[in-house]
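Since the structure comes first, as structure tokens, the remarks are kept for the end.
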Ligand code: LR7
Ligand code: MN
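Numbering (the UniProt record's numbering), first residue to last: 1 to 579.
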């Protein structure tokens, strides 16, 4: 549609199956349509610079402490969030500086550190009231080798667009950056702001443990986490704190808008988007369907409950955060912590919300500009597998089924005892409850296919009779003929699984074990990419393709060399739950 543009065409994916190459952010923006930020209403709308007096006792209007109407230098490049172009003679310089942050660092340096952005809040936000006794917050911003001007702009936007009495402190957690300017120079610059504290970590903690280090020393009632390349918009903070004040188990997220990595313009995003995930736990945003919006008469200012949060920007009651066990400290560097906290919050009694009246811009980049201490993909995979093991119950098979290489890798996720204990202690609900109540639109069939496995040429079915594998005339009502084809690629009947044989041999039964590669079958109806073996059931672990087949002469079951033309190798399940 005209006026719509996504900054990235395709979410980048790792070479291996399933898990995105640490690119949740890029993958997430791919589905969002963006608009240049334009004022939502008239010039004075919501931007009065002086706090108004409360009309009813105990509440006041959202403050709009901001220089949007009269910035220090109205003609500076990038002012009001406008796009900036690199001058012709600076193209080379801009290009060479890109890798300092994987965005247009040259332009970031060119635009004011305190630039104004357009007030992108939906109509009505500036009239909303918040309580006078909002909790105070500690802002925690972690960074490793962040670009100077970008880090400064993030801090300035917090300080100039938040009511001072609500900010207990701003803790900058320097995650062992190598850049010189992030040492004394940063300390010196920030010393003009008494509320800004800098914690220089003595070794690389990774984002997750760096946030924990900040949280440990925080004095505010509420923790507000932000990335180090953001611009908080007008009135962003009060609506977040208002939600936490209303209920301490609410975790409040702003709408994350887009600061272009190319021209530094501040773009707004479509309203009515929820934070969701798809298998194997890839974060994304999903538009609420128009009919749902109409049916519920949803307004643009309405709070949106989200199955998961993006991860970087949110407010949470400090005590509640620690009651939840904060983040699993076994998560390394980057990734998956947003899933962990989201599942934990929902399953253990809380809620995740997007607050449309709170808006923060974020620079979305195609790649992390810093190095990972160990392999990036492995790190993210391991984090996600920890989350799956602790929180997904029987649904973890869907995770592994969609990231199948992880099973083959025999990934070591480390010790999970404490996390499992914590879940018990908090008496958290099941993942099934979460799916039914929080994310009912996620497709999460526990098995891929089920019912009778019919050999189409002979109308015979496999069965378990007296603990042995039988092959008999199909009968839908026969319990013994019911099989599941699982995410872990087993042909399963209760505890018993069909065990393959080499070509020429007869299959048998074995006790099911999802980790045993010698029990696995590929049902080609569910494995696109081998059209020549459509409807076949292929032994997975053999190099020479061997297929389950009916021996029509003996009415028996056997494994034979795969033959795309053989009708005796065609099988069909009663029902398929995925395609
Ligand atoms: O080792 C590290 N130490 C750090 O301090 C690695 C990173 N960091 C800092 C880094 O400098 C940055 O300020 O941590 C912050 C987040 O890292 P980014 O900006 O590289 O992450 P991201 O924006 O690409 O990805 C999202 O997912 C992350 C890991 O799961 C975090 O949760 C990020 O906070 C999160 N960002 C957002 O939610 C913003 C919206 C993007 C999306 C989706
Ligand atoms: Mn980020």
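Positions of the beta carbon are idealized from the N, C-alpha and C atoms, including for glycine.
The structure displayed is predicted, hence computed values, not measured ones.
Could you give the DSSP three-state label for residue 396: helix, strand or coil? helix
Can you tell me whether residue 82 is helix, strand or coil according to DSSP? coil
Below 6 Å CB to CB, which residues in the same chain sit around residue 454 once its five sequence neighbours on both sides are set aside? 461, 474 and 572
Along the beta strand (DSSP E) that carries residue 245, what are the first and last residues, could you check? From DSSP, residue 245 is part of no beta strand (DSSP E) but of the alpha helix (DSSP H) over 237-246.
Is residue 405 helix, strand or coil by DSSP? helix
Quick one: using the 10 Å Cβ neighbour count with 16 as the cut-off for buried, is residue 417 buried or exposed? exposed
C-alpha distance - residue 227 paired with residue 169, whole-angstrom precision: 16 Å
Closest by C-alpha distance to residue 255, when choosing among 120, 424 and 76: 120
Straight-line Cα distance separating residue 355 from residue 34: 18 Å
Local Cβ density within 10 Å of residue 415, reported as buried at 16 or more and exposed below that: exposed
Minimum length 4: unbroken alpha helix (DSSP H) runs contained in the region 309-363: 318-323 and 337-347
Rounded C-alpha distance that separates residue 315 from residue 232: 13 Å
Simplified DSSP assignment, three categories, for residue 427: coil
Identify which residue in 205, 273 and 113 has its Cα closest to the Cα of residue 329. 205
Which value, in whole angstroms, describes the spacing of the CA atoms of residue 252 and residue 371? 30 Å
How many whole angstroms separate the CB atoms of residue 129 and residue 61, which I take to be in contact at a CB cut-off of 8 Å? 6 Å
Could I get the ranges of all uninterrupted beta strand (DSSP E) runs contained in the region 185-240, with 3 residues as the minimum, in chain order? 196-200, 222-226 and 230-232
Residue from 147, 137, 483 and 447 with nearest C-alpha to residue 109: 147
Which of the three DSSP states, helix, strand or coil, is assigned to residue 377? helix
Between which two residues does the alpha helix (DSSP H) carrying residue 151 extend? 148-160
Where residue 498 and residue 293 are concerned, what is the direct C-alpha to C-alpha distance, given to the nearest angstrom? 48 Å
Excluding the 5 residues flanking residue 510 on each side, which residues of the same chain have their C-beta closer than 7 Å to its C-beta? 497, 499 and 519
Less than 8 Å between the CB of residue 211 and some heavy atom of the ligand MN, yes or no? no
With residue 223 and residue 213 assumed to form a contact (beta carbons below 8 Å), what rounded beta-carbon distance in angstroms separates them? That belief does not hold up - the Cβ atoms of residue 223 and residue 213 are roughly 12 Å apart, past 8 Å.
Flag residue 333 as yes when its Cβ comes closer than 8 Å to any non-hydrogen atom of the ligand LR7, and as no otherwise. yes
For the 8 Å Cβ check, are there 3 or more pairs between the region 375-382 and the region 321-336? yes
Label residue 408 either buried or exposed according to how many other C-beta atoms from any shown protein chain fall within 10 Å of its C-beta, with 16 as the threshold for buried. exposed
Should residue 259 be listed as close to the ligand MN, given that the test is whether its C-beta is under 8 Å from any heavy atom? no
What are the boundary residues of the alpha helix (DSSP H) that includes residue 463? Per DSSP, residue 463 belongs to no alpha helix (DSSP H); it is in the beta strand (DSSP E), 460-465.
Tell me which residue opens and which closes the beta strand (DSSP E) that residue 492 is part of. 491-493
Closest to residue 141 by C-alpha separation, out of 423, 202 and 215, would be which residue? 215
Following the continuous alpha helix (DSSP H) through residue 295, name the residue where it begins and the one where it ends. 290-295
What is the rounded straight-line gap between the Cα of residue 403 and the Cα of residue 488? 10 Å
Tell me whether residue 206, by its Cβ, gets closer than 8 Å to a heavy atom of the ligand MN. no
Within 10 Å of its beta-carbon, does residue 561 have 16 or more other beta-carbons around it, so buried, or fewer, so exposed? exposed
Note down the Cα distance separating residue 514 from residue 396, rounded to an integer number of angstroms. 12 Å
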